[in-house]
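**Student:** In the UniProt record's numbering, the protein residues as written are 1 to 343.
Ideal Cβ placement from N, Cα and C applies to all residues, glycine included.
Before we start, here is the structure in question, set down as structure tokens.
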Amino acid sequence: MPRKSRKKPAVGTKTSTSAGRRIIPDTSADDAIAHAKVAYDPDLSDQAIEHAISKTAIARAGFSYRFDGDSPISHPSTDGNVSVQSIFVASKTGFSIEKTIIPSGPHKGRFALVFDPFPAKKNVFRFMDLPAEIRIMVYRLLVVRPEKIVLSGSNRKCAFKCYHSRELRGLVMLQINNDIRQEAMAVFMRENVFDFLKTSLVDKFMSLYGDNSNMIRRIEISGQLCRSSFAKCARALARASHLQTLVLPSSRFIRRHLVSMLRPWFLEQGLTQGNPAEQVREAADRLIDIVDIQEYCADCRGCHGKDYEKTCSLCDGSCICHQQVLEGLAEVKADLLLILNLE
């Protein structure tokens, strides 16, 4: 009776023995590569299948892969000016592929592909089941940047556009669902610094984000203030109930016209001469507390506002730049109260 031939494992697979019994591993991933005839020569003798095990905390998966060549370090084939090398990857577990640049270590700056297995169902948990404190920590890592988020005017097709020195990839979290968007948007607005290069962009930005924009805490306007568009800007800022700092650029133009430009801020809140004097005075105090004007100081080697303890490490608040800001804001407050017939 003829002997039955034992099926050999796929090329490159490793076998082991236990208690004298030979164990052949599951080769379904290898078979997936071996049957990908479109990329490989019929002779597979020199094209070994390699194996790897993922090290992620939420999912472990075995990967089988083969390069289009004699070995993983073989040189890509060249066709004219184009070099091509294929790699086939197979796994019984679903996985994603992400492109990245290695930020540090001996391979810093090199391009890499990250294969990440999907977690097993038993290891999947709902993000919203995490404590609120943990979710906020995640949001901060993804949507809060250490640098300012600068918004610049573009053209009529794009009313404004945002650019940033680093990509805000974490903002994709805002698109998952409404619950996550609401929580993440609050952190995004509350803990980032928004720098507008045109006053007309402030109203457009606040209108675009609606009620979410009310949570902004710090706004800076770097460009020249435009009187024609600042009325809408002031009204939009009045609706930002959580705004703590409004930084304006320093110029004689601003000082001369700032009082009249800020008047819509009161009108948006329904504050006129007919309101109780104490109510209007409280609104004026809050506005002056919010407004800051950046003055350039040669002694401090930079631009600093009224809060010298946070903006300047070289000054105790006695230099001319800080004194000018404080004196100028005091004059603005007096003029505001004057035009509202409170003084």
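1) Can you give me the Cβ contacts of T100 inside the same chain, cut-off strictly under 7 Å, excluding the 5 residues immediately before and after it?
2) What would DSSP say about A186, mapped onto helix, strand or coil?
3) Whose C-alpha, out of R239, T245, K108, is nearest the C-alpha of E220?
4) Classify S200: buried if its beta carbon has 16 or more other beta carbons within 10 angstroms, exposed otherwise.
5) With distances taken Cα to Cα, identify the nearest neighbour of S222 among K198, L237, D292, V187.
6) Specify, as a first and last residue, the run of the beta strand (DSSP E) that S64 falls within.
7) For S213, collect the residues of the same chain with a Cβ closer than 7 Å to its Cβ; drop the 5 residues on either side in sequence, then sort them by chain order.
8) Looking at A283 and L271, is the spacing between their C-beta atoms short of 8 Å?
9) Assuming L99 is part of the beta strand (DSSP E), what are its boundary residues?
10) Please give the ranges of any beta strand (DSSP E) in the stretch 212–263, keeping only runs that are unbroken, at least 3 residues long and fully inside the region.
11) What does a CB cutoff of less than 8 Å around H242 pick up in its chain, not counting 5 residues either side in sequence?
12) Tell me the residue span of the alpha helix (DSSP H) that contains F205.
13) Grab me the residues of D335's own chain with a C-beta within less than 6 Å of its C-beta, minus the 5 sequence neighbours each way, in chain order.
14) Can you look up L271 in the DSSP assignment and give me helix, strand or coil?
15) For K333, does the count of other Cβ atoms within 10 angstroms reach 16, so buried, or fall short, so exposed?
16) Using only the alpha-carbon positions, how far apart do I288 and L237 sit?
17) Would you mind sorting I293 into buried or exposed? The rule is 16 or more other CB atoms within 10 Å of its CB.
18) Starting from I49, trace the beta strand (DSSP E) both ways and give me its first and last residue.
19) Under the rule that 16 or more other beta-carbon atoms within 10 Å means buried, what is A120, buried or exposed?
20) Assuming L174 and A184 form a contact by the criterion Cβ under 8 Å, report the distance between their Cβ atoms to the nearest whole angstrom.
21) So, helix, strand or coil for L130, using DSSP?
22) Hey, T56 and P131: beta-carbon distance below 8 Å or not?
23) Got a sec? Which residues, its chain only, sit under 8 Å from residue 402 by beta carbon, not counting five neighbours each side?
24) Whose CA, out of L329, V138, Q279, D203, lies closest to the CA of R235?
25) Less than 8 Å separating the beta-carbons of R263 and L337?
**Tutor:** Per the coordinate set shown:
1) A112, V114
2) helix
3) T245
4) buried
5) K198
6) 62–67
7) M189, F205, M206, A240
8) yes
9) Looking at the sequence itself, residue 99 is Lys, so the reference to Leu does not match. That run of the beta strand (DSSP E) goes 95–101.
10) 218–221, 245–248
11) R190, N214, M215, I216, R217
12) 200–209
13) V259
14) coil
15) buried
16) 13 Å
17) buried
18) Run containing I49: none; DSSP gives neither H nor E here.
19) exposed
20) 5 Å
21) coil
22) no
23) As shown, the chain starts at 1 and ends at 343. That puts residue 402 outside it, with no answer to give.
24) D203
25) no
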